[in-house]
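Down below is the structure, laid out as structure tokens.
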Amino acid sequence: MEGQGSGKKMILKPLRIISKNLDEEAMLLSPSSRMFHEPNYNVYVLAIMGWKVPINVDSIKAELQSKILKHPRFSSLQVMDESDGGGNMRWVPTTVNMDDHVIVPLQLADNNVDKDELVEDYISNLSTTNVDMSKPLWDFHILNVKTCHAEATSVFRIHHSIGDGVALMSFLLSCFRTTSDPTCLPKLPVFSSSNDKSNLSQTKNRKKNLWQYLVKLWFFIKLLFNTIADVLLFIATALFLKDSQTPFTTTQGFNASARQRYIYRTISLDDVKFIKDVTNAVNDVVLGITQAALSRYIHRRYGKGKFSLEGMRCRANVIVNLRPALGVKAIAEMIEKNVAVIQGNCFGFVLVPLSIGQLDNPLDYVGKAKTSMDRKKHSLESQCTFYASQLFLNLFGFKDAAKLTQRVTSQTTLALSNVIGPREEISCAGHPLEFVAPTCSGYPTGIMVHVCSYANKLTFTIAVDEGIIPDLKQLGDDFIQSFMLIKEAAAHHTKLATKLD
């Protein structure tokens with residue numbers, strides 16, 4: 199069974215090109231893409247998808263072939279260029295055999311063990327293997343067994359050198375159509391800034407303009423101060439500043455060959471929006487739920503014994519996309535024209551303090567998250583970390599850059615990523631999608647939380663190194679229970695406000 203294994207994860211050596219006369223089409227990998235091939239930073243993106251009906255393998259395979267292979271990165275090998283001696287790699291176009299990439303483990307259907315556990319173990323085992331370097335670095339696993347989450351499950355595994363999560367999500371959605379209208383492409387929510395409003399009235403009087411200039415000056419000073427403080431803290435983290443020891447941190451450092459386990463839990467997006475309205479928070483509810491769940495887990499499992507929550511330094515390494523979204527329709531049109539859609543990786547890091555502890559009011563977790571995120575919104579930390587990493591790449595090379603990134607992520611408690619999905623229900627080749635749960639393998643941190651919206655659902659995907667969290671399912675339930683407590687507190691707050699009015 200290809201792509202599945204129970205042994206240690208082997209770092210496959212890339213194919214090598216000896217000839218100095220490379221074809222013009224064999225373009226160099228960008229330094230950021232090349233970095234993802236380093237031993238301690240060999241990262242794969244996993245898109246776990248649940249389906250409402252059993253998967254027709256032939257129809258899905260035909261859909262992938264008609265869409266995916268039109269993009270050069272999904273139909274190119276990544277091979278070592280020995281002509282310059284710098285360890286660079288190149289994209290080399292090749293002929294793709296879909297049977298080598300679409301994997302259907304038929305023996306799963308004949309197994310008498312619990313199907314949910316079987317699927318979880320299969321996905322976990324993917325973290326111990328790599329895609330063979332002799333073919334393009336992606337594969338599609340079809341698990342045609344019914345679980346409590348869906349009628350069937352698939353895992354789209356893509357090496358991170360092909361592109362970042364947001365670019366890959368937009369590209370993947372171009373293979374889907376809305377369930378209500380099979381001819382219509384899905385749409386991603388577009389957020390407009392309040393700064394885009396007309397400023398015609400600003401010239402009405404000079405006093406108002408003067409006041410606006412003073413406010414802008416204050417915001418600029420605040421932005422500059424916050425950015426400097428955040429960059430210095432980021433540098434300190436890279437050098438020596440490490441988070442407190444918790445059940446979510448590795449005791450012996452990151453192990454690239456460690457097996458990872460994955461769990462996903464889904465909540466109502468309408469309920470999340472309700473909490474947002476009550477707390478006047480924008481995207482801080484996700485962080486608030488995460489803080490509440492981690493606090494609940496530590497308190498329930500350890501009480502006040504092993505870990506003291508007082509004075510504990512815990513931070514989330516939030517991954518921020520910096521590339522403007524093209525839109526699914528634009529990407530689909532580019533695919534039809536055989537134009538390269540995915541242009542590598544473009545993201546920065548933001549280190550956000552986590553409030554871990556028992557709070558009387560569950561809404562306070564959201565309130566503390568809002569305070570932290572409001573502070574980060576007045577900072578250019580994500581842009582600075584991105585450009586600093588690019589500068590570091592150019593000065594010291596991808597090997598040292600990978601070590602630096604690995605050190606920063608391993609010094610923090612968890613990694614957090616948020617991906618926005620389509621608002622309407624979608625289908626691929628006549629298969630309606632139940633949920634999508636993106637995550638990663640090989641990322642140098644003990645615990646990683648991905649959040650993805652789809653239709654009226656919001657899915658938390660939690661990835662941990664095996665052995666760190668012995669009861670991962672209970673941690674997943676802690677996310678649900680924490681969300682329910684916050685929702686109930688928000689409803690109670692609304693009732694009190696209504697009575698006062």
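Take the sequence shown: its letters are residues 199 to 699, numbered as in our numbering.
Even glycine gets a Cβ: it sits at the ideal position worked out from N, Cα and C.
All of these numbers come straight from a predicted model, not from anything done at the bench.
From this set, the options, which residue's C-alpha is nearest residue i's C-alpha?
i           : options               : result
residue 251 : 350, 487 and 293      : 350
residue 517 : 579, 470 and 561      : 579
residue 544 : 560, 556 and 519      : 519
residue 345 : 358, 313 and 582      : 313
residue 487 : 674, 408 and 574      : 674
residue 694 : 659, 552, 511 and 476 : 476
residue 706 : 230, 254, 430 and 232 : For the chain, the structure presents residues 199 to 699; residue 706 sits outside this window and is missing.
residue 425 : 608, 586 and 240      : 586
residue 337 : 271, 285, 277 and 315 : 271
residue 379 : 652, 626, 676 and 634 : 626
residue 459 : 678, 485, 321 and 253 : 321
residue 638 : 652, 631, 261 and 323 : 323
residue 604 : 428, 547, 660 and 670 : 547
residue 368 : 348, 522 and 509      : 522
residue 572 : 317, 485 and 642      : 485
residue 616 : 643, 577 and 636      : 636
residue 254 : 326, 317, 302 and 511 : 302
residue 360 : 492, 243, 416 and 298 : 243
residue 555 : 577, 574, 509 and 583 : 509
Label residue i either buried or exposed according to how many other C-beta atoms from any shown protein chain fall within 10 Å of its C-beta, with 16 as the threshold for buried.
i           : result
residue 411 : exposed
residue 681 : buried
residue 217 : Because the pLDDT at residue 217 is just 43, under 50, the model does not fix this residue reliably, and the point stays unresolved.
residue 692 : exposed
residue 498 : exposed
residue 685 : buried
residue 648 : buried
residue 443 : exposed
residue 340 : buried
residue 230 : buried
residue 264 : exposed
residue 296 : exposed
residue 409 : exposed
residue 660 : buried
residue 235 : buried
residue 569 : exposed
residue 269 : buried
residue 419 : exposed
Where does the unbroken alpha helix (DSSP H) through residue i begin, and where does it stop?
i           : result
residue 499 : 483 to 500
residue 363 : 363 to 371
residue 473 : 467 to 477
residue 567 : 561 to 575
residue 700 : The question about residue 700 has no answer, for the chain in this structure spans 199 to 699.
residue 256 : 255 to 265
residue 230 : 229 to 233
For residue i, I'd like the list of residues in its chain whose CB is within less than 8 Å of its CB, leaving aside the five on either flank, ordered along the chain.
i           : result
residue 559 : 687
residue 468 : 654
residue 413 : none
residue 445 : 495, 496, 499, 500, 505, 666 and 667
residue 382 : 375 and 376
If I follow the unbroken beta strand (DSSP E) through residue i, where does it start and stop?
i           : result
residue 555 : First-last for residue 555: undefined, no H or E at that position.
residue 632 : 629 to 639
residue 323 : Per DSSP, residue 323 belongs to no beta strand (DSSP E); it is in the alpha helix (DSSP H), 313 to 324.
residue 354 : 350 to 357
residue 291 : 287 to 291
residue 247 : 242 to 249
residue 657 : 655 to 663
residue 276 : 274 to 279
residue 446 : Note, residue 446: premise wrong, no beta strand (DSSP E); not H, not E.
residue 616 : 612 to 617
residue 551 : 545 to 551
residue 294 : Taken as a continuous stretch (DSSP letters only), residue 294 belongs to no beta strand (DSSP E), as it is neither H nor E.
residue 511 : No beta strand (DSSP E) contains residue 511, which DSSP labels as neither H nor E.
residue 343 : No beta strand (DSSP E) holds residue 343; DSSP gives it neither H nor E.
residue 652 : 645 to 652
Enumerate in chain order the residues of its own chain whose CB-to-CB distance from residue i is below 7 Å, with the five nearest sequence positions on each side excluded.
i           : result
residue 294 : 267, 273 and 334
residue 689 : none
residue 457 : 322, 325, 326 and 664
residue 618 : 386, 387 and 651
CB-CB under 6 Å to residue i, same chain, minus the five flanking residues each way: which ones, in chain order?
i           : result
residue 622 : 376
residue 606 : 435 and 436
residue 483 : 470, 473, 474 and 564
residue 362 : 543 and 545
residue 257 : 627
residue 614 : 514, 516 and 647
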